[in-house]
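>
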DNA sequence: AATGAATGAGGTTTCATTCAT
DNA sequence: GATGAATGAAACCTCATTCAT
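Chains as they are written, first to last, in the numbering used here: chain L, 3 to 207; chain B, 3 to 207; chain A, 3 to 207; chain R, 3 to 207.
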């Protein structure tokens, strides 16, 4: 029973994601959010300090889950390749389940000054460190190319994944034209990136 | 002689880059730009339709050059690996020469509604098509893995490069901590991406 | 026994005085008052019609006491000079006992629209009439200068006293610099004002 | 010709005085001011930092003139009694010429936090020091009672004058009832206050 | 009586754009 | 072309008041 009751905070956050995804953060009015949520204008300010705060909360809520997911993947799997594959799959799954959320995370969050403050950057960096650690494990195990800086690898992995998703969100025609489905794309990316990390005959030279 | 005279339009564009880089597009006022340029408040509107238009002009100016550069690389080099290497080097060189410009291109341009209108997307897509064509050449020559969609490869390449540059711009401490210089990073990326594209013993199976 | 129980109304009033004194009427939120009083947000509205009403109640509570005090002074003393002296002493004593209250009475009450409505002005004017009557008595007894309008005298007396207290409240450094204590000031004022009313060689001309 | 052109700043200030006098500072909207001035909404913010700033400017403009007037009185007259008389006359004349202005100065200015900042308090205190100096001169000349602290005298003088004017502004019925005209009042006050300062037979004892 | 979540009107300020000179 | 004063729409946030529990 209690599970059915969505907290007001959650309600606002969900509405904000929908609205931000539609018009972008700067194109969205607080009143759009409250209207979407079916609540009174001022109520947002009982749960959030400001409009900024709503956006940052979306980021933090989501990236905390992401961090936990990575930790879980770390526990459940042992092969670094599988771990990276799992992370990428998770990102794509998140996109399919809530494309609006992903849109907001990719397009709106990084525009916000507050995102670059200590608090959020800490969380942001922690995620990349975790991914870098996985790369490092692969290197130690002799699976991944030792030439690659683990942290740079983590950034590149994310950059590549984000770029693809961004195309699906904002420029889908180019991909439809070529008949590349999102699942297709995901598998390409996994192959490409995992291979990028791997030791090959060439890099063995 | 004429080359020494910077047109007013150019003057405004240069000032805008500096200002947008500093405070972001939404954090910048038109008056900030004119002040930086040392011109009258309203003059921007003689050269540009709107504030949006200024940002889009920066994008178009730059990406037209970028397109030409890729075409030149295409003419001058024949090895697809070398071509991609050259493109990546060009992007990093551009960043080193004008980091503000790159900041604006990565952070502000893609977050502007107008960027997703026909006009700009045409230019944007043309660049990615060119890069995709290079990947295709590599595949036809038996150098690149045929499994990879050329267009996805192009997006990933750019996404990875952008992600790294974004870290240098917004989160440099993490990279300084690890003593990874920008040139270092560039070479890592080149190795990683070019290998990602390449046929390897593994992908040959 | 009942005397020890402070009614909720009283509790709110005391909290309001503290809060209004600190931030001024317009700078104080109803929630500040309830927080200070340690009661629920909405409870103020069970005891008062509005925020205005709280301030007006402070005024009325206090000025009713003040009126009674003046009446008592009128009964207990006979010399008009002594009466005025007593009134001034009472005001200063009130200030010393509850400076916050005086701050509110001097600064907030007279700047509230509602204060100028019939209801409060009646009480306000009754006090000044009482003081004017004392001046009149002095004139009739040949002690006070008949040239002075009693009501104007009453206003001036209060204006002078209020001005001094206001300085102690808002600009105490100027008085500290000159080492004038509040009791000092009180005695000066009494002398000055009582003399102002008195018949002198000059005014006898 | 130039004299006929009122600067925009002046225009706004005049409108603000009218509006503040009518509804009080907190009851006045910036749009009321611009409407009264017949100008665009945002123009206020080209000439003033904020609504606060408009009110403070009124105070500073006026009190700077007041200070100059006192200085002029100081130069032109020699008898301290005459000087005080002149100051009081000046205040009453100001009131008659622009009652709205006086209303604002008495009722709105002292409510404003900014008024208590260094800048405005400096000006405020300088005026009182000047008046105190005149009292001191009178004491040195053997005309004024040495018992009175000059600065307290200055405060009392102003407090008494302000109190009377306030009654004319907000509570005129009480004075009309008693048929006391404003000029009447002025002369009473002058007599009362100047006598308050003077050496009398009584204070000579 | 007590609580505090919910309401929503209202006002300040910002700033892109226009326009008279 | 150049200037910068003028315009006014737009939106965030506050907070007095109400109301369901």
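All C-beta atoms in this analysis are idealised placements derived from N, C-alpha and C, irrespective of residue type, glycine included. These figures come from a predicted structure and were not determined experimentally.
To the nearest angstrom, how far is the alpha carbon of residue 173 of chain R from that of residue 127 of chain A?
On the fourth chain, position 171 is the one that residue 173 of chain R refers to. On the third chain, position 125 is the one that residue 127 of chain A refers to. C-alpha separation (whole angstroms): 9 Å.
> State yes or no: is the beta carbon of residue 102 of chain A nearer than 9 Å to at least one beta carbon in chain R?
Locating residue 102 of chain A in the third chain gives position 100, counting from the first residue. It does not; no Cβ of chain R falls within 9 Å.
> Just to make sure I have the definition right: I need the residues of chain B whose C-beta is within less than 9 Å of the C-beta of residue 29 of chain L. Which are they?
Here residue 29 of chain L corresponds to residue number 27 of the first chain, with the count starting at 1. Here the neighbours are 115.
> Quick check on residue 180 of chain R - is its C-beta less than 9 Å from some C-beta in chain A?
Residue mapping note: residue 180 of chain R aligns to position 178 of the fourth chain, counting from 1. Judged by the 9 Å Cβ criterion, residue 180 of chain R is in contact with chain A.
> Once you ignore the five residues that flank residue 219 of chain L on each side, which residues in its own chain have a CB closer than 6 Å to its CB?
Since the displayed chain L opens at 3 and closes at 207, residue 219 of chain L lies outside it and no answer follows.
> Between residue 111 of chain B and chain L, is there a C-beta pair that is closer than 9 Å?
Here residue 111 of chain B is taken as the residue at index 109 of the second chain, counted from 1. Chain L contact via Cβ: absent.
> Name the residue from L:45, L:129 and L:26 whose alpha carbon lies nearest to the alpha carbon of residue 11 of chain L.
As a working mapping, residue 11 of chain L is identified with position 9 in the first chain. Selected option, being the one with the closest Cα: L:45.
> Report yes or no: is there a C-beta of chain A within less than 9 Å of the C-beta of residue 127 of chain R?
Counted from its first residue, the fourth chain places residue 127 of chain R at position 125. Taking Cβ atoms only, chain A reaches closer than 9 Å to residue 127 of chain R, which makes this a yes.
> Nearest by alpha-carbon distance to residue 105 of chain R: which of R:9, R:19, R:14 and R:194 is it?
Counting from 1 along the fourth chain, the entry for residue 105 of chain R is found at position 103. Nearest option by C-alpha distance: R:19.
> Express the C-alpha separation of residue 191 of chain R and residue 163 of chain R in angstroms, rounding to a whole number.
Indexing the fourth chain from 1 puts residue 163 of chain R at position 161. Indexing the fourth chain from 1 puts residue 191 of chain R at position 189. Their backbone Cα atoms lie some 7 Å apart in a straight line.
> What is the rounded straight-line gap between the Cα of residue 76 of chain L and the Cα of residue 51 of chain B?
What you label residue 76 of chain L is simply residue 74 of the first chain in a count that begins at 1. What you label residue 51 of chain B is simply residue 49 of the second chain in a count that begins at 1. The alpha-carbon atoms of residue 76 of chain L and residue 51 of chain B are separated by roughly 53 Å.
> Please report the distance separating the alpha-carbon of residue 86 of chain B from that of residue 47 of chain R.
Along the second chain, one-based indexing puts residue 86 of chain B at 84. Along the fourth chain, one-based indexing puts residue 47 of chain R at 45. Rounded to the nearest angstrom, the two C-alpha atoms are 54 Å apart.
> Could you list the residues in the region 45 to 78 of chain B with a C-beta less than 8 Å from some C-beta on chain L, going in chain order?
Taking 8 Å as the Cβ-Cβ cut-off against chain L, none of the residues of the region 45 to 78 of chain B qualify.
> Taking beta-carbon pairs under 8 Å, can you tell me which members of the region 132 to 148 of chain L lie near chain B?
Within the region 132 to 148 of chain L, the residues whose Cβ lies closer than 8 Å to some Cβ of chain B are 147, listed in chain order.
> Would residue 32 of chain L count as contacting chain B if we go by Cβ distances under 9 Å?
By 1-based counting over the first chain, the position of residue 32 of chain L is 30. No, because no Cβ of chain B sits closer than 9 Å to the Cβ of residue 32 of chain L.
> Residue 182 of chain B to residue 113 of chain B, Cα distance in whole Å?
Position 180 of the second chain, counting from 1, holds the residue named residue 182 of chain B. Position 111 of the second chain, counting from 1, holds the residue named residue 113 of chain B. Cα-Cα distance, rounded: 29 Å.
> Take residue 206 of chain B and list the residues in its own chain whose beta-carbon comes closer than 8 Å to its own, dropping the five residues that flank it on each side.
Walking along the second chain from the start, residue 206 of chain B turns up at place 204. Per-residue confidence for residue 206 of chain B stands at a pLDDT of 42, beneath the threshold of 50, marking its modelled position as unreliable; the derived number appears in the next sentence. Nothing listed; no residue qualifies.
> From residue 141 of chain R to residue 187 of chain R, what distance separates their C-alpha atoms?
Counting from 1 along the fourth chain, the entry for residue 141 of chain R is found at position 139. Counting from 1 along the fourth chain, the entry for residue 187 of chain R is found at position 185. Between residue 141 of chain R and residue 187 of chain R, the C-alpha separation is close to 26 Å.
> Using the Cβ count rule (16 or more neighbours within 10 Å means buried), how would you classify residue 3 of chain A?
For this step, residue 3 of chain A is matched to residue 1 along the third chain. Below a pLDDT of 50, predicted positions are generally treated as unreliable, and residue 3 of chain A, at 43, falls in that range; the measurement from the model is reported next regardless. Exposed is the call here.
> Looking at chain L, is there any beta carbon in it that lies within less than 9 Å of the beta carbon of residue 107 of chain B?
Your numbering for residue 107 of chain B matches position 105 in the second chain. Not closer than 9 Å to any Cβ of chain L, the Cβ of residue 107 of chain B fails to qualify, so no.
> Taking residue 89 of chain L as the reference, give the member of L:134, L:22 and L:146 with the closest Cα.
Counted from its first residue, the first chain places residue 89 of chain L at position 87. Comparing Cα positions, the closest option is L:134.
> Return the Cβ separation of residue 145 of chain L and residue 200 of chain L in integer angstroms, given the expectation that the two are a contact with Cβ distance under 8 Å.
Numbered from 1 along the first chain, position 143 holds the residue referred to as residue 145 of chain L. Numbered from 1 along the first chain, position 198 holds the residue referred to as residue 200 of chain L. With 8 Å as the limit, residue 145 of chain L and residue 200 of chain L qualify as a contact, their Cβ atoms being about 7 Å apart.
> Taking the C-alpha atoms as reference points, what is the distance between residue 196 of chain L and residue 175 of chain L?
Against the first chain, residue 196 of chain L aligns to sequence position 194. Against the first chain, residue 175 of chain L aligns to sequence position 173. Computed Cα separation, rounded: 27 Å.
> Identify every run of the beta strand (DSSP E) within the region 97 to 123 of chain R, keeping only runs that are complete inside it and at least 3 residues long; order them along the chain.
For the region 97 to 123 of chain R, not a single whole beta strand (DSSP E) run of length 3 or above is found.
> Looking at chain R, is there any beta carbon in it that lies within less than 9 Å of the beta carbon of residue 154 of chain A?
As a first step, residue 154 of chain A is located in the third chain; it is residue number 152 there, counting from the start. Yes, residue 154 of chain A counts as interfacial toward chain R.
> Return the CA-CA distance between residue 61 of chain L and residue 107 of chain L, expressed in angstroms with no decimal places.
Working through the first chain from its first residue, we reach residue 61 of chain L at position 59. Working through the first chain from its first residue, we reach residue 107 of chain L at position 105. Taking the straight line joining both Cα atoms gives about 6 Å.
> Near residue 138 of chain B, what residues of its chain come up, given a Cβ to Cβ distance below 7 Å and the 5 sequence neighbours on each side ignored?
Numbered from its first residue, the second chain carries residue 138 of chain B at position 136. Counting only Cβ-Cβ distances below 7 Å, and skipping sequence neighbours, we find 152.
> Kindly list, in the order they appear in chain B, the residues whose Cβ is closer than 8 Å to that of residue 166 of chain L.
Along the first chain, one-based indexing puts residue 166 of chain L at 164. The contacting residues are 154, 157, 158 and 161.
> Taking 9 Å as the CB-CB limit, is residue 191 of chain R close to chain A?
Taking the fourth chain and counting its residues from 1, the one referred to as residue 191 of chain R is at position 189. Yes - at least one Cβ of chain A is within 9 Å of the one on residue 191 of chain R.
> Using CA atoms only, rank isn't needed, just tell me which of B:17, B:41, B:42 and B:40 is closest to residue 30 of chain B.
The sequence position of residue 30 of chain B within the second chain is 28, counting from 1. Here the closest residue by C-alpha is B:17.
> Along chain B, in chain order, which residues have C-beta atoms closer than 8 Å to that of residue 26 of chain L?
Stepping through the first chain from its first residue, residue 26 of chain L is reached at position 24. Simply 113 and 115.
> Would you report the Cα separation of residue 5 of chain R and residue 68 of chain R, rounded to the nearest angstrom?
Position 3 of the fourth chain, counting from 1, holds the residue named residue 5 of chain R. Position 66 of the fourth chain, counting from 1, holds the residue named residue 68 of chain R. Any answer about residue 5 of chain R is weak, because its pLDDT of 45 lies below 50 and its placement is not dependable; what the coordinates show is given next. When rounded, the distance between both Cα atoms is 22 Å.
> Does the beta carbon of residue 176 of chain R come closer than 9 Å to any beta carbon on chain A?
Taking the first residue of the fourth chain as 1, we reach residue 176 of chain R at position 174. Taking Cβ atoms only, chain A reaches closer than 9 Å to residue 176 of chain R, which makes this a yes.
> Comparing C-alpha positions only, which one of B:97, B:73, B:102 and B:131 sits nearest to residue 180 of chain L?
If you number the first chain from 1, residue 180 of chain L lands on position 178. The shortest C-alpha separation from residue 180 of chain L is found at B:131.
> Who pairs with residue 146 of chain B in a beta bridge, going by DSSP?
Sequence index remark: in the second chain, residue 146 of chain B carries index 144 (1-based). B:200, per the DSSP bridge assignment.
> Are the Cβ atoms of residue 155 of chain B and residue 194 of chain L separated by less than 9 Å?
Taking the second chain and counting its residues from 1, one reaches residue 155 of chain B at position 153. Taking the first chain and counting its residues from 1, one reaches residue 194 of chain L at position 192. In contact: residue 155 of chain B and residue 194 of chain L (Cβ atoms closer than 9 Å).
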